[in-house]
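Participant:
Residue numbers (the working numbering), protein chains in the order written: chain A, 1 to 483; chain Z, 484 to 966.
1) Check distances from the C-beta atoms of the stretch 808 to 841 of chain Z to those of chain A and list, in chain order, the residues that come in under 7 Å.
2) Anything in the stretch 906 to 924 of chain Z with a Cβ closer than 7 Å to a Cβ of chain A? List those residues in chain order, please.
3) Let's test the definition: count the other Cβ atoms within 10 Å of the Cβ of residue 311(A) and tell me whether it reaches 16, buried, or not, exposed.
4) Whose C-beta lies closer than 8 Å to the C-beta of residue 39(A) among residues of the same chain, with five residues either side of it excluded?
5) Residues of chain A with a CB under 9 Å from the CB of residue 675(Z): which are they?
6) At a Cβ cut of 7 Å, what residues of the stretch 560 to 579 of chain Z count as close to chain A, listed as they run along the chain?
7) With distances taken from CA atoms, which of 771(Z), 651(Z), 912(Z), 503(Z) is nearest residue 884(Z)?
8) Looking only at its own chain, which residues have a Cβ that is under 7 Å from the Cβ of residue 566(Z), when we skip the five neighbours before and after it?
9) Say whether chain A places a C-beta atom closer than 9 Å to the C-beta of residue 962(Z).
10) Beta-carbon separation of residue 922(Z) and residue 809(Z) under 9 Å?
11) Give the secondary structure of residue 206(A) by DSSP, where H, G and I count as helix, E and B as strand, and everything else as coil.
12) Among 831(Z), 939(Z), 812(Z), 888(Z), whose alpha-carbon lies nearest the alpha-carbon of residue 948(Z)?
13) Over what stretch of residues does the beta strand (DSSP E) that includes residue 487(A) continue unbroken?
14) Considering Cα atoms alone, identify which of 353(A), 91(A), 31(A) is closest to residue 58(A).
15) Compare the Cα-Cα distances from residue 546(Z) to each of 502(Z), 559(Z), 569(Z) and report the closest residue.
16) Output needed in chain order: residues of the stretch 286 to 302 of chain A with a Cβ under 9 Å from some Cβ in chain Z.
17) Mind listing the chain A neighbours of residue 689(Z)? Cutoff is C-beta to C-beta under 7 Å, in chain order.
18) For the candidate residues 674(Z), 548(Z), 849(Z), whose alpha-carbon lies nearest to that of residue 299(A)?
19) Would you grab the beta carbon distance between residue 471(A) and residue 333(A) for me? Rounded to a whole angstrom, and I think it's under 8 Å.
20) At the level of alpha carbons, what is the spacing between residue 174(A) and residue 252(A)?
21) Strictly under 9 Å for the Cβ-Cβ distance: is residue 367(A) near chain Z by that measure?
22) Residue 700(Z) lies in the beta strand (DSSP E); which residues open and close that run?
23) Using a Cβ-Cβ cut-off of 9 Å, state whether residue 261(A) counts as contacting chain Z.
24) Tell me, please, whether the CB atom of residue 472(A) is closer than 9 Å to any CB atom in chain Z?
25) Using the rule of at least 16 other Cβ atoms within 10 Å of the residue's Cβ for burial, across every protein chain shown, is residue 680(Z) buried or exposed?
26) For the structure I just gave you, are there three or more beta carbon pairs, one from the stretch 725 to 741 of chain Z and one from the stretch 750 to 760 of chain Z, closer than 8 Å?
27) Taking residue 363(A) as the reference, which of 435(A), 317(A), 338(A) has the closest Cα?
28) For residue 154(A), count neighbouring Cβ atoms within 10 angstroms of its own Cβ and tell me buried if that reaches 16, exposed if not.
29) Going by beta-carbon coordinates alone, are residue 291(A) and residue 255(A) separated by less than 9 Å?
30) For the putative contact between residue 408(A) and residue 356(A), defined by C-beta atoms under 8 Å, what is the C-beta separation to the nearest angstrom?
31) Go ahead and pull the three-state DSSP assignment for residue 865(Z).
32) Judging by CA-CA distance, which residue of 776(Z), 691(Z), 745(Z) is the nearest neighbour of residue 765(Z)?
33) Taking its Cβ as the centre, do 16 or more other Cβ atoms sit within 10 Å of residue 167(A), making it buried, or is it exposed?
34) Inspect the CB distances between the stretch 130 to 141 of chain A and the stretch 204 to 222 of chain A and report whether three or more fall short of 8 Å.
35) Please state the DSSP three-state secondary structure of residue 278(A).
36) Should residue 384(A) be flagged as near chain Z, meaning a C-beta pair shorter than 9 Å?
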C-alpha cells in the first residue's frame, strides 16, 4: 500500500464499526448454532466453542488493539448494550481508562456498571489526575479512596484541586502537564532540558516561564526555541503580555478567549500569580461541542444526552419533565379557552382560527429569544443596546403583525364572509406578536440577571404565555366585538 | 504593574468596549454642543472641533491601536451602525483586512458597504490567499479582479483552489502556510532551515515531509525535533500513519477528526497524494462554533445570523420565510378543525381540549427528532440500529401516551364529567404521540437520504403533521364516539 492510498480516515471509522459488527454477527451465529443443536450438546458446544467462537473473539481483540481509543469509544456508543459489553470485554484492560474518558456520560455509566472495584481502580490509575477528576463523579466512593491512596502527594493535591472546581469553570478544564523553565537560562539549556523527555505532553506549543516561587512570568513558544539561536536568553524572548486564565473563571469565557486569540494552550494562574495548570485547545473543543449539543438538547427538553441504546424507561424519564411542564401549560391554556365557551358556542369559527393566533406569536417570540440569547452569549447586550433591541423587536413585531395578521385576517374574512371577524383576527395577531416580542426579550434578560442559563426553559415559558395570551386576546376581542 | 495584576482578559474585552463607548459619548457630546449653540456658529464649531472633538478621536485611535483585531471585531459588532462606522474610520487602514476576516458576515457587509474600491483592494491584499477566498463572496467583482492581478502566480493558483471548494468542504477550511521538508535530511538541517524563518506560521505543531514531487510522506512534529538529537534523520522519526484530509471532504468530517484525535493541524492531500495545504485547529474551532450557532438559528427559523443593529426591514426579512411557512401549516390545521365545525358546535368542550392533544405530540416528536439528528451526526445510525431506535421511540410514545394521555383523560373527565370524553382524550393523545414518533423518525432519515441537512426544516414539518393530525384524530374520534 503506497502512502497516497492510505485508507481514508472518515471511511475508516465507519468501516471499523462495520468490521466489528461483522465479527459480532459471526460470533452470535456460532453461539446460536451451539445453543440450537442441543444434541449431542456437550461435544458440539465444546467443539464449536473452541474452533470458532473463540477465534472470532480473538480476531475482534486484534482488530480493537489496532484502533485509536476514540474510535473504540465511537464503536461502543454505536452498539446495542449486549454487543457493547462483549466488545468492552475484549478491550485490553490497560486501555480501559482512556476509553472511559472518551465515551459519552451515558455510555460510560453502562460500562462502569459492569466493572469490578478492582478493574475500576486499575482503569483510573492509568489516567492523569485531571482525567481522574473527570471520571470521579461516576466512580464508587470505595474506588476513589483506593485511587487516592495510590497517588503521590503532589498528585493528590492536583486531584483535590481539579475536583474542587465547578464543572463549568476553567479549573475543571485544566490539566497539569505543563513544562516550566526559568527566565535567566539560554535556549540551549531549555533544549537540553526538553531532550530529557521522551516526548512532550500533548499540545505543548509553549513552555511556561516561572520564577523560583512558581510565579508566572511569561510564555516561551516552542516555535521561538526552534527559530532562534541557542545562545539567546529565555527572558529576552518570552512573551509576558499573554492571556492568563484563572481556575475560578467560567469555562465559557476561556473558550471564547481560545476562539478569539487562536490559542493552542493557555496558562492558568491562581490569585497569587502562581502557575497552577494549563488549558489546551482539545479540551476547549470538547467543551464547545458538549455545550452546543446540550443547548440543542435543552431546546427540545431533553435533560441530558441519551445513550441511544438506553432502556425505554430510562429514556422516557429523561423526557418527562418537559412533557409534564408542557402539559401543565396546555391545561392552563385549555382553561383560558374554557372561559370563553359561551362565545365559541355562538361563533364556532373562532375555534378553527384561534390556534393560528397562538402559534405564529410563539414562532415569532422564539426568534426574538434566539437573537437575545445569542447576543447575551457574545456579551453584546449593554444597557443602551438593550433599549435599542427592545424597540427594534417591537417594530419587527408590529410589521409582522400588520403583514401576517393582515394575511390571516383576509383568510378569516374570505372563509367566513365576516369583516368584523377578519379585523378581530388581524388585531389579535398584532397584539399577540407584540406580547411574544416583549416576553421573548424579558425572559432571557431576567434569567441572565438571576444568574441562570437563559437557554434553559425560556422557550417553554414563552410558548405558555403566547398560547394562553393568544387565546385570551383573540377570544376576548371576539367577545367584545362579535357577540 | 506586576505580572499577577495583569488585567484579566475577560474583563478586558468588555472593559475595552466600555472605554470605547465612553469616548464615543464624549465625542457625541462635543458634536451636539457644536451643533446646538448655533451662534456664533462658525467660530464656536471650529474651536470646539479643534480642541475637543479631534482629541477624542485621537484618543479613540490610540485605544484601538492597542487592541487585538478580534477585540476590535467584537467592539464593532456591539456598536450601533453609526458609532460602528465612526470606530471603523479610526482603525488603521493596514488592519482593515484582518478585522474584516474576524467580524460576523452581517457586520462585514455593513463595513464593506462604506469602503471604496481602493480601500477594499488594500485590505484584501494584506491577507493570505485562503483568507482572501473567505472574503471573496462579499467583495465587488472589480475589487477581486484588482486583487487577483496583484498576486504571484503561485498565490493565484492557491486563491483559485481555495475559492473552488464548496463552503462546507475541507478545501474551504485549509490554508497554505505549511512548511515542508525532505525525509533524508537530519534534524540539524531542519533546524537550520527553520531558523531562516523569523517566526513559524501560526499553529505549526508539525512540519510536513514530502518527496521531490510534493507527494506527502508523513509528518514530523516540532516536539520531536525538540526532544531528539540533531543527528537523527527525518525519515526515522516522521509519522507516516497519520490523518490525511482531502480537499473535497466534508468540513464536518474533518472537525470530527480534530475532536477525536486531538489534532492541532492536519495535512490536506489531493487524489494524487500531493500535499496541497493544511487545516488548523483554530479554523476548526470557528467552524464548529458557526455550525452550532446556525443549528440554533435554524431551529428558530432564522435564515442567517443577524447583526443586532441591522434595520428592522432587513431583520424582518430574515425571519419571514419561517413565519410564512408556519402560517401556511396553521391555515391547513385550521381547515382540519373547520371540517369538524358541526361536532364542535354540539360539544364545545372539544375546542378547549384539542390544543392539548396537538401540542404535546409536537413536543414529544421534537424530542425524537433531536435524538435522531444527533445520532445521524455522530454516524451511529446503521440499518439494525435504525430498526432498534424506531421500536424504542414507539415504545416510549406508547408509554407516554398511557401516562400523559391518562392524565389528560382524567383532566377532561373531571372537568366535563364525561367518561367517553376522557377516553377519547386518552386515545387521541396516544395515537398522536405515536404519529409524532413515527414522523419524528422518518423526516430526518428521509432528509439525510436525500442528501439534505436534517436539522433544517424537520421541526416545522413535524409540527405541521402533529397539529393537523392531532386535531383530526381527536375531533374524528369525538365525532365517532361522542356525537
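Cβ coordinates follow ideal geometry from the N, Cα and C atoms, glycine included.
All figures in this text were calculated on a predicted structure; none of them were measured in a lab.
Facilitator: The relevant details are as follows:
1) Residues passing the 7 Å Cβ filter: 809, 810, 813, 814, 816, 817, 820, 821, 824, 827, 828, 831, 834, 835, 836, 838, 839.
2) Under the 7 Å Cβ criterion, the stretch 906 to 924 of chain Z contributes no residue.
3) Classification for residue 311(A): exposed.
4) For residue 39(A), the pLDDT reaches just 47, beneath the cut-off of 50, and the residue's location in the model is therefore unreliable, although a value from the coordinates is still provided. Closer than 8 Å at Cβ, skipping near neighbours: no residue.
5) Simply none; closest approach about 11 Å.
6) Answer set for the stretch 560 to 579 of chain Z: 560, 561, 563.
7) For residue 884(Z), the closest of 771(Z), 651(Z), 912(Z), 503(Z) by C-alpha to C-alpha distance is 912(Z).
8) Once the five neighbours on either side are set aside, the close Cβ partners of residue 566(Z) are 507.
9) No, residue 962(Z) lies away from the interface with chain A (no Cβ there is under 9 Å from its Cβ).
10) Against a cut-off of 9 Å, the Cβ pair of residue 809(Z) and residue 922(Z) comes out as no contact.
11) Residue state, collapsed to three classes: strand.
12) Of 831(Z), 939(Z), 812(Z), 888(Z), the residue nearest in Cα terms is 812(Z).
13) Absent from the structure is residue 487(A), since the part of chain A shown begins at 1 and ends at 483.
14) Closest by alpha carbon: 91(A).
15) For residue 546(Z), the nearest C-alpha among the options comes from 502(Z).
16) Taking 9 Å as the Cβ-Cβ cut-off against chain Z, the residues of the stretch 286 to 302 of chain A that qualify are 286, 288, 289, 291, 292, 293, 295, 296, 297, 299, 300, 301, 302.
17) Within chain A, no residue comes near residue 689(Z); the closest Cβ sits about 11 Å away, beyond 7 Å.
18) Taking only the C-alpha atoms, the option nearest residue 299(A) is 849(Z).
19) Correct: roughly 6 Å between the Cβ atoms.
20) CA-CA distance, residue 174(A) to residue 252(A), rounds to 13 Å.
21) With 9 Å as the cut-off, residue 367(A) counts as an interface residue toward chain Z.
22) Secondary structure note for residue 700(Z): its beta strand (DSSP E) is the uninterrupted segment 699 to 704.
23) It does; some Cβ of chain Z falls within 9 Å.
24) Cβ-Cβ to chain Z under 9 Å: no for residue 472(A).
25) Exposed, by the Cβ-count rule.
26) Yes: at least three Cβ pairs fall under 8 Å.
27) That would be 435(A), whose Cα lies nearest to the Cα of residue 363(A).
28) Looking at its Cβ environment, which holds fewer than 16 other Cβ atoms inside 10 Å, residue 154(A) is exposed.
29) Yes; because the gap between Cβ atoms is below 9 Å, this pair is in contact.
30) For a cut-off of 8 Å, the C-beta gap from residue 408(A) to residue 356(A) is around 6 Å, short enough to register as a contact.
31) Shown here, residue 865(Z) sits in coil according to DSSP, grouped into three states, outside any helix or strand.
32) Minimum Cα distance to residue 765(Z) is reached at 745(Z).
33) By the C-beta density criterion, residue 167(A) is exposed, having fewer than 16 other C-beta atoms within 10 angstroms.
34) By the criterion of at least three beta-carbon pairs nearer than 8 Å, the stretch 130 to 141 of chain A is not in contact with the stretch 204 to 222 of chain A.
35) Strand.
36) Chain Z places a beta carbon closer than 9 Å to that of residue 384(A), counting this residue as a contact.
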